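Below is one structure, written out as structure tokens; the observations come after it.
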Amino acid sequence: DVKVTQSSRYLVKRTGEKVFLECVQDMDHENMFWYRQDPGLGLRLIYFSYDVKMKEKGDIPEGYSVSREKKERFSLILESASTNQTSMYLCASSSTTGVQETQYFGPGTRLLVL
Amino acid sequence: AQKVTQAQTEISVVEKEDVTLDCVYETRDTTYYLFWYKQPPSGELVFLIRRNSFDEQNEISGRYSWNFQKSTSSFNFTITASQVVDSAVYFCALGYRANNLFFGTGTRLTVIP
Numbered sequence: 015d016v017k018v019t020q021s022s023r024y025l026v027k028r029t030g031e032k033v034f035l036e037c038v039q040d041m042d043h044e045n046m047f048w049y050r051q052d053p054g055l056g057l058r059l060i061y062f063s064y065d066v067k068m069k070e071k072g073d074i075p076e077g078y079s080v081s082r083e084k085k086e087r088f089s090l091i092l093e094s095a096s097t098n099q100t101s102m103y104l105c106a107s108s109s110t111t112g113v114q115e116t117q118y119f120g121p122g123t124r125l126l127v128l
Numbered sequence: 002a003q004k005v006t007q008a009q010t011e012i013s014v015v016e017k018e019d020v021t022l023d024c025v026y027e028t029r030d031t032t033y034y035l036f037w038y039k040q041p042p043s044g045e046l047v048f049l050i051r052r053n054s055f056d057e058q059n060e061i062s063g064r065y066s067w068n069f070q071k072s073t074s075s076f077n078f079t080i081t082a083s084q085v086v087d088s089a090v091y092f093c094a095l096g097y098r099a100n101n102l103f104f105g106t107g108t109r110l111t112v113i114p
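So the sequences go chain by chain: E and D. Going letter by letter, the first sequence gives residues 15 to 128 in our numbering. Going letter by letter, the second sequence gives residues 2 to 114 in our numbering.
Structure below.
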């Protein structure tokens with residue numbers, strides 16, 4: 015089974031802090047994704063990566079950056095957290111063996127920025 | 002541009018009732034993929050089904066069934082004889098850009114015992 019893990023289930027940070035959210039997958043997947051989920055808005059793509067050290071902006075990249083130094087790990091960074099970044103963050107991974115492979119998700123991190 | 006509409010924000014049913022969750026999509030692509038995911042209270046999205054645009058056969062898996070109709074751009078999901086464990090938020094998603102997904106806003110299903 016695919017296993018995607020996220021470093022924290024719940025996180026409380028203060029405005030202006032630098033926040034790191036970590037995601038690790040154990041299936042040797044090439045693609046990794048970061049989403050945020052907000053009530054009434056569904057899931058929105060922040061950034062994705064299709065290879066080590068590669069990254070591409072998703073639909074809402076402002077205020078975020080990412081890092082992928084190893085294939086299995088994809089980090090989301092909030093350089094200076096703001097209250098409007100309070101949200102549920104979900105990481106996913108998928109292979110590239112075919113077109114539009116299934117994405118598998120981690121348990122999510124609920125971030126509260128005070 | 003891609004668009005996925007799940008018009009039902011919340012649905013409540015009594016246990017053992019059948020329930021259908023609607024999904025309507027828009028895309029200019031001729032080849033595309035559609036997905037359903039389940040998000041139980043624990044928060045993790047669980048993959049349910051993946052269907053490509055060339056395969057319009059309905060699919061049944063236990064109490065779950067999916068009705069894909071290209072003519073109406075719909076990919077509806079039916080749960081037969083619902084159970085309390087089916088209570089969750091269900092998301093429909095459309096694949097684009099080879100590896101990305103565009104999600105609907107989700108339907109929260111509550112099954113009342």
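Every residue gets a Cβ at the ideal spot worked out from N, C-alpha and C, and that includes glycine. On a predicted model such as this, the values are computed, not experimentally measured, just so you know.
Please classify residue 112(D) as buried or exposed, where buried requires at least 16 other C-beta atoms within 10 Å of its C-beta. buried
Taking one C-beta from the segment 9-27 of chain D and one from the segment 58-72 of chain E each time, how about it: are there three or more such pairs within less than 8 angstroms? no
Measure from the C-beta of residue 52(D) to each C-beta in chain E and report whether the shortest distance is under 8 angstroms. no
Is residue 93(D) closer than 8 angstroms to residue 35(D) when the C-beta atoms are compared? yes
What is the DSSP secondary structure of residue 71(E), counted as helix, strand or coil? strand
For the 8 angstroms Cβ check, are there 3 or more pairs between the segment 113-121 of chain E and the segment 82-99 of chain E? no
For the segment 106-127 of chain E, which residues have a CB atom closer than 8 angstroms to at least one CB atom of chain D, in sequence order? 106, 108, 110, 113, 114, 115, 116, 117, 118, 119, 120, 121, 122, 124
Taking residue 101(E) as the reference, give the member of 37(D), 44(D), 89(D) with the closest Cα. 44(D)
Within 10 angstroms of the Cβ of residue 29(D), are there 16 or more other Cβ atoms? Answer buried if so, exposed if not. exposed
Inter-residue Cα distance where the pair is residue 110(D) and residue 56(E): 15 angstroms
Residue from 4(D), 97(D), 60(D) whose Cα sits closest to the Cα of residue 27(D): 4(D)
Relative to the C-alpha of residue 81(E), which residue among 28(E), 36(E), 128(E) is closest? 36(E)
In the structure shown, what three-state DSSP assignment does residue 87(D) receive? helix
Which of helix, strand or coil does DSSP assign to residue 40(D)? strand
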